[in-house]
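Student: Numbering (our numbering), first residue to last: 168 to 723. We put the CB at the ideal spot given by N, CA and C, even for glycine. Every value quoted in this text rests on a predicted model; they were computed, and no experiment measured them. Once you've had a glance at the structure underneath, I'll fire off some questions.
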Ligand code: NOJ
């Protein structure tokens, strides 16, 4: 297996709107990020992926870009951005930009021109179709509710938007679109950024016949088979690789909704022809039901182990994994996969961190995860800000497909806003995030859960993450070792090994609050192995018994 700096790195994701506000307007900003670089350095992360900071009307918090070469005013200026890059580089921290090129904002100059007339030189930058018998060109639903097609009076045609109607999809079939995108990427690389996280990059190539999708219980047809991993996606990414990526020593991670192991081996092939790694979605889709992610069902551990182990084993030596349990689109990992009740919150957050950070791949930490931050779980719909949450609530309840009480329970468990509340820095007003009015409420547990307390306390979740990151730097086995799952059928515990040259690790994890008996392989039994890390002071105190959410890593 080839060695690479991006395989050995730990990435920290910043959602700028909620990270740190420096000027009291209630919205996070670039100067706020700069003020926390020392905190991040101390944590030990190597790379920051920062969610979009470009000019945007903020229909989807910046995933709707109106100018790829300008910074969103409320976040700062291009000078601020350059200062951030310099300050980060001075601390040996790299910066990944979020690249959103499946779609732009409808306020992007290209789209403003495109919609004016069918003769416009920008017309084919987007996907325009005639209606069918006065209706949409096909039955596809958009990810944020409603039809994926929006009628435009000016030319009596429809444009495609896989997300909100303010996010028209770019037409990657048009070579001019690809050239514009590659020029823009080169421009950012010349400024000195260190790579890209590529938003829904698996969706840039569409099946050109645009057929109807299957209707599975909602109101619209499923477009996934026709927009995800489409016919030309690898060709487009290979072109991007030739035109941009291969020219710089940068890191790339593609967000790849709908990706299978077979597809991932193409996107993230060791031959460097496309991207370095992808985010797969299988493990965060466990338990999805009739309305997709809108469910209150808890995950099944056997399923989680099966999925994570499949990715570990099948990509080995062929492609590279990215490791994550949470991000700005997912609920808080401790609430979803752990136990956020006060007595178990920290211990289970550390157990989950052990689970992910001991695997092969590049780990991603989502802001606040290192503090054990929990779901917001707001009771009132008026506390939510996310376009997806608000649209889907309306669509499903109006169509009487689900009651509003049930839908609120789903939202409390799965809304993206659960993880988008301000980072809790201290126990002062607004958790130290802003001196003004935060754009979304701070969770009321900030007096107990905040960075000041976490940094001050040696046994905190923060210091546990710090140790995990340090161990990865010191032990090649954690980066490159071969993974093997030991107990696929056990419904309560997760046990796996890593093997590298003459070394071996055993990872033991209890996913429940009850004591669990585990059968530790003979070679690791008492006295033979040392403990690398544990979330209890006296790990394995009772031989072969894991206490509530206990995590232990043994080393031979
Ligand atoms: C995936 C991003 O992570 C999400 O936040 C966004 O809403 C969609 N892509 C659309 O850009």
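Is residue 242 helix, strand or coil by DSSP?
Tutor: Of the three classes helix, strand and coil, the one that applies to residue 242 here is helix, per DSSP.
Student: Hey, is residue 495 close to the ligand NOJ, as in C-beta under 7 Å from one of its heavy atoms?
Tutor: For the ligand NOJ, at least one heavy atom lies less than 7 Å from the Cβ of residue 495.
Student: When you measure from the CB of residue 422 to every non-hydrogen atom of the ligand NOJ, does any distance come out below 7 Å?
Tutor: Yes - the ligand NOJ has a heavy atom lying nearer than 7 Å to the Cβ of residue 422.
Student: If I measure Cβ to Cβ from residue 307 and keep anything under 6 Å in the same chain, skipping five residues before and after, which residues do I get?
Tutor: So the qualifying residues of the chain are 315, 380, 388, 390.
Student: Just how far apart, CA to CA, sit residue 536 and residue 547?
Tutor: Computed Cα separation, rounded: 24 Å.
Student: Taking DSSP as the reference, what is the three-state secondary structure of residue 222?
Tutor: If DSSP states are grouped into helix, strand and coil, residue 222 belongs with the strands.
Student: Considering residue 228, what are the terminal residues of the alpha helix (DSSP H) in which it resides?
Tutor: Where residue 228 is concerned, there is no enclosing alpha helix (DSSP H), given that its DSSP letter is neither H nor E.
Student: Please tell me whether, using a cut-off of 7 Å, the distance from the CB of residue 458 to the nearest non-hydrogen atom of the ligand NOJ is below it.
Tutor: Checking the Cβ of residue 458 against the ligand NOJ gives no.
Student: Less than 6 Å between C-beta atoms, sequence neighbours within five positions excluded: which residues of the same chain meet that for residue 410?
Tutor: Correct list, in chain order: 349.
Student: By the three-class DSSP mapping on this structure, what secondary structure does residue 667 have?
Tutor: In the structure shown, residue 667 sits in a strand (DSSP, three-state: E or B).
Student: So which of 702, 211, 373 has the shortest CA-CA distance to residue 626?
Tutor: Checked all of 702, 211, 373; the closest Cα to residue 626 is 702.
Student: For the ligand NOJ, any of its heavy atoms closer than 7 Å to the Cβ of residue 448?
Tutor: Answer for residue 448: no, Cβ out of range of the ligand NOJ.
Student: Taking 8 Å as the cut-off, does the stretch 220-232 touch the stretch 423-441 (at least 3 CB pairs, one atom from each stretch)?
Tutor: These segments do not touch.
Student: What would DSSP say about residue 616, mapped onto helix, strand or coil?
Tutor: It is coil, neither helix nor strand.
Student: Does the Cβ-Cβ distance between residue 618 and residue 593 come in under 8 Å?
Tutor: Taking 8 Å as the Cβ cut-off, residue 618 and residue 593 qualify as a contacting pair.
Student: Applying the 10 Å Cβ sphere with the 16-neighbour rule, what's the burial state of residue 556?
Tutor: Its Cβ being crowded by 16 or more others within 10 Å, residue 556 is buried.
Student: Where does residue 709 fall in DSSP's three states?
Tutor: Residue 709 falls in the coil class under three-state DSSP.
Student: In terms of residue numbering, what span does the beta strand (DSSP E) encompassing residue 342 cover?
Tutor: Careful: residue 342 lies outside any beta strand (DSSP E), inside the alpha helix (DSSP H) at 342-358.
Student: Taking buried to mean at least 16 other C-beta atoms within 10 Å of its own C-beta, is residue 495 buried or exposed?
Tutor: Residue 495 should be labelled buried.
Student: To which residues of the same chain is residue 684 closer than 7 Å at the C-beta, ignoring the five residues directly before and after it?
Tutor: Cβ neighbours of residue 684 beyond the five flanking positions: 711, 712.
Student: Measure the Cβ-Cβ separation of residue 745 and residue 273 and say whether it is below 8 Å.
Tutor: Past the edges of the chain, shown from 168 to 723, lies residue 745, and the structure says nothing about it.
Student: May I ask you to report which of helix, strand or coil DSSP gives residue 364?
Tutor: Three-state DSSP puts residue 364 in a strand.
Student: I'd like to confirm something about residue 221: is its beta-carbon nearer than 7 Å to some heavy atom of the ligand NOJ, or not?
Tutor: Incorrect: residue 221 has no Cβ contact closer than 7 Å to the ligand NOJ.
Student: Name the DSSP beta bridge partners of residue 540, please?
Tutor: Residue 540 is not bridged to any residue.
Student: Given a cut-off of 8 Å on the beta-carbon distance, is the pair residue 455 and residue 417 in contact?
Tutor: No, the pair does not count as a contact, with Cβ atoms beyond the cut-off.
Student: Quick one: what's got a C-beta closer than 7 Å to residue 480's C-beta in the same chain, skipping five residues either side?
Tutor: Closer than 7 Å at the Cβ level, and outside the excluded window around residue 480, lie 650.
Student: What are the residues that DSSP puts in a beta bridge with residue 217?
Tutor: The partner list for residue 217 (beta bridge, DSSP) reads 181, 264.
Student: Between the C-alpha atoms of residue 377 and residue 320, what's the straight-line distance to the nearest angstrom?
Tutor: Distance between the alpha carbons of residue 377 and residue 320: 22 Å.
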